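Q:
Protein chains: 2
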Amino acid sequence: MDELTPQQQKIFDFIRKTIERSGMPPTRSEIQLAFGFRSPNAAEDHLRKLQQRNAIEILPGTARGIRLKKSSLMSGALNNGSLPLIGRVAAGSPILSEAHVQGRYQVDPALFKPRADYLLRVRGSSMRDAGILDGDLLAVHRSAEARSGQIVVARVHDEVTVKRLRRRGASVELLPENPDFKAIVIDTRQDSFAIEGIAVGLVRNERLL
Amino acid sequence: MDELTPQQQKIFDFIRKTIERSGMPPTRSEIQLAFGFRSPNAAEDHLRKLQQRNAIEILPGTARGIRLKKSSLMSGALNNGSLPLIGRVAAGSPILSEAHVQGRYQVDPALFKPRADYLLRVRGSSMRDAGILDGDLLAVHRSAEARSGQIVVARVHDEVTVKRLRRRGASVELLPENPDFKAIVIDTRQDSFAIEGIAVGLVRNERLL
DNA sequence: CCGGGTACTGTATATAAATACAGTTATGCG
DNA sequence: CGCATAACTGTATTTATATACAGTACCCGG
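So the sequences go chain by chain: L and U.
All residue numbers for the first sequence refer to the working numbering, where the first residue is 1 and numbers rise by one.
All residue numbers for the second sequence refer to the working numbering, where the first residue is 1 and numbers rise by one.
This is how it looks when you write it as structure tokens:
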């Protein structure tokens, strides 16, 4: 993606702010008004250039048909500041499918770094010593890759689990943070294994007694 | 706010999904198409009813002028969905004074029971075994009263601390959840002591490594 | 000094979209 | 039963929006 000129950046920022503020992208006229242009075509020109530079996507013939392409926002989590809560995940099905969404919590995805994509309710106390307790909502950033030492959401033989990842050459260890639990050792050449995401935060709203 | 009929709920969900998927609210025609209506007015009718029931806001004369008002499932309290983060609390000053507000986090106060009033950054690891770690944001419900056994934000001799409360007749104990720390015993007749609030939840957004 | 890019003005127009008006069918309520 | 309400069909009309076409002014590099 090319660099944007200062003016183009301002237009881009205005689009982003408009989406945040009003919940929808601006029209050409609204851009015109906001910048004091005397022609809606000034806005049109800028949008074309932003599209050329891959900063936005224009949906032809569509009112307010502007999409931000840069990393700014957008993902499984929307800008309105809510995250889907994923419930019990069925074997063999993708974690973010509609069927698993049990609700939405109004928690800003951008509160976490990197951005959280969904919340997962933690079962069991295998990560107790990392301060992750039974019933906690784990904020997860969707990713198929993770570094050794990170706490990850992993899928082993169609079962979803939260553990600390440790790489050992061709094998992978999933370590609990509780001496009462045993580590899971995986031979990546033999066992079915996939990383679903990286733990980026936590929300606890019960069991505080 | 009234309840929505199943069909109205479907329309509402469609609007939410459309915003998530495409980055903008749907038009009447798009709703019509998605539900197989033969008239755009069917969509118009539904939108009117959703507005009557305070589920959405319609911006008149505006393309895609639909705003979600109640954030799906979450209790529809009219709050702006954010909580102040209280920083270092100066001696002798009330905890919720403007001077201490370090920022606001977009976290729904109604996510916690009872409702959270502010977030407090936890210092130290004295509550480690309760899953409350250094740097965590404690969600606090403002209250001058608390039951024995609850985790409270207390002020002892002008110092603010988070501990488990235990009542012992005329005295009060503030118990850490970490054997490395010692309990604080207070004679309520002699010592300056006040409960600032009750811990109702937790948000962690760092130190997840 | 010419060509190309940025940053616009000004006018025009097809169409995307909101929305009014007039009905229809079905259901539940008192 | 009559009546309100939900959930539509069908048609029409305005207006909001996207977008084409024709220019102007300025800066920059070759």
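Here a beta-carbon is modelled for each residue, glycine too, at the ideal position from N, C-alpha and C.
These numbers come from a predicted model, not from an experiment.
Roughly how many angstroms separate the alpha carbons of L/Arg128 and L/Arg115, rounded to a whole number?
A: Roughly 24 Å between the two C-alpha positions.
Q: Whole angstroms are fine: how far does the CA of U/Asp45 sit from the CA of U/Arg38?
A: U/Arg38 and U/Asp45: Cα-Cα distance of roughly 13 Å.
Q: Mark U/Asn215 as exposed unless 16 or more other C-beta atoms lie within 10 angstroms of its C-beta, in which case mark it buried.
A: This structure leaves residue 215 of chain U out entirely; chain U is present only between 1 and 209.
Q: Alpha carbon to alpha carbon, what distance is there between L/Leu137 and U/Ala154?
A: If I take the Cα positions, the gap works out to 26 Å.
Q: Ignoring anything shorter than 4 residues, give me the alpha helix (DSSP H) runs that lie fully in the region 11 to 87 of chain L, in order along the chain.
A: List check, alpha helix (DSSP H) in window: 28 to 35 and 40 to 52.
Q: U/Leu208 and L/Ile151 look like a contact to me (Cβ under 8 Å); what is the Cβ gap, rounded to whole Å?
A: Indeed, because the Cβ distance is near 6 Å, the residues count as touching under 8 Å.
Q: Flag L/Asn178 as yes if its beta-carbon sits less than 7 Å from any beta-carbon of chain U, otherwise no.
A: Not closer than 7 Å to any Cβ of chain U, the Cβ of L/Asn178 fails to qualify, so no.
Q: Taking Cβ positions only, does L/Asn205 come closer than 7 Å to chain U?
A: Chain U, which has a Cβ nearer than 7 Å to the Cβ of L/Asn205, makes this yes.
Q: With U/Asp117 as the anchor, note down where its beta strand (DSSP E) starts and where it stops.
A: Segment: none, U/Asp117 is in no beta strand (DSSP E) and carries neither H nor E.
Q: I need the boundaries of the beta strand (DSSP E) containing L/Phe193, first residue and last residue.
A: Segment Phe193 to Arg204, the beta strand (DSSP E) holding L/Phe193.
Q: Cβ of L/Pro60 within 7 Å of Cβ of L/Leu83?
A: The answer is no: Cβ separation not under 7 Å.
Q: Is the region 13 to 31 of chain L close to the region 19 to 33 of chain U, with three or more CB pairs under 8 Å?
A: As far as the Cβ criterion goes, the region 13 to 31 of chain L touches the region 19 to 33 of chain U, which means the pair count is three or higher.
Q: I'd like to know whether the C-beta atoms of U/Ala146 and U/Glu177 end up nearer to each other than 7 Å.
A: In this structure, U/Glu177 does not lie closer than 7 Å to U/Ala146 by Cβ.
Q: Does the region 164 to 181 of chain U come into contact with the region 153 to 173 of chain L, if we say contact requires no fewer than three beta-carbon pairs (one atom in each stretch) closer than 8 Å?
A: Output reads no: the region 153 to 173 of chain L does not touch the region 164 to 181 of chain U.
Q: Between L/Gly87 and L/Gly197, what straight-line distance do the alpha-carbon atoms span, to the nearest angstrom?
A: Each residue's alpha carbon lies about 15 Å from the other.
Q: Under 8 Å between beta-carbons, which chain L residues line up against U/Phe112? List them in chain order, please.
A: Residues of chain L passing the Cβ test: Asn205.
Q: Could you compute how far the alpha carbon of L/Ile186 sits from the alpha carbon of L/Gly169?
A: So the two alpha carbons sit approximately 11 Å from each other.
Q: Helix, strand or coil for L/Gln7, going by three-state DSSP, please let me know.
A: Correct three-state label for L/Gln7: helix.
Q: What first and last residue would you give for the beta strand (DSSP E) that runs through L/Arg104?
A: Val101 to Tyr105 is the span of the beta strand (DSSP E), which, as asked, contains L/Arg104.
Q: List the whole-angstrom C-beta distance separating U/Leu68 from U/Leu119, where the pair is believed to meet the contact cut-off of C-beta under 8 Å.
A: Contact doesn't hold; Cβ gap of about 25 Å is too wide.
Q: In terms of residue numbering, what span does the beta strand (DSSP E) encompassing L/His157 cover?
A: Premise fails: L/His157 is in no beta strand (DSSP E) and is neither H nor E.
Q: Shorter than 7 Å from the beta carbon of U/Ala63 to some beta carbon of chain L?
A: It does: the Cβ of U/Ala63 has a partner Cβ on chain L nearer than 7 Å.
Q: Is the shortest distance between the beta-carbon of U/Gln278 and the beta-carbons of chain L less than 7 Å?
A: The requested residue 278 of chain U does not occur in the structure, where chain U is confined to residues 1 to 209.
Q: How would you call L/Ser126, buried or exposed, if buried means at least 16 neighbouring beta carbons within 10 angstroms?
A: Burial call: buried.
Q: Does the beta-carbon of L/Gln52 have 16 or more other beta-carbons within 10 angstroms, so that it is buried, or is it exposed?
A: L/Gln52 is exposed by the Cβ-count criterion.
Q: Of all the CB atoms in chain U, is at least one closer than 7 Å to the CB of L/Pro84?
A: Not closer than 7 Å to any Cβ of chain U, the Cβ of L/Pro84 fails to qualify, so no.
Q: Once the 5 residues before and after U/Arg149 are set aside, which same chain residues still bring their CB inside 8 Å of it?
A: Note on identity: in this sequence residue 149 of chain U is Gly, with Arg being the wrong assignment. So the qualifying residues of the chain are Arg164, Leu165 and Arg166.
Q: Give me the chain L residues within the contact set of U/Ile151, using Cβ-Cβ distance strictly less than 7 Å, ordered along the chain.
A: Here the neighbours are Leu208.
Q: Per DSSP, which residues does L/Arg147 bridge with? Please list them.
A: DSSP lists no partner for L/Arg147.
Q: In chain order, what residues of the same chain have a beta carbon less than 6 Å from the beta carbon of U/Pro179, not counting five sequence neighbours either side?
A: Counting only Cβ-Cβ distances below 6 Å, and skipping sequence neighbours, we find nothing.
Q: By how many angstroms is the C-alpha of L/Leu50 removed from the C-alpha of L/Ala42?
A: If you take the alpha carbons of L/Ala42 and L/Leu50, they lie about 12 Å apart.
Q: Return the bridge partner residues of L/Leu137 from the DSSP annotation.
A: In the DSSP output, where bridge partners are listed per residue, L/Leu137 has L/Arg121 and L/Val203.
Q: Please classify U/His157: is it buried, with 16 or more other beta-carbons within 10 angstroms of its beta-carbon, or exposed?
A: With fewer than 16 other Cβ atoms within 10 Å, it is exposed.
Q: Nearest CA to the CA of U/Phe35: which residue from U/Ala55, U/Arg189, U/Phe12 and U/Ile56?
A: When only C-alpha atoms are compared, the closest one is U/Phe12.
Q: Answer with buried or exposed for U/Asp191, where buried requires no fewer than 16 other C-beta atoms within 10 angstroms of its C-beta.
A: It counts as exposed.
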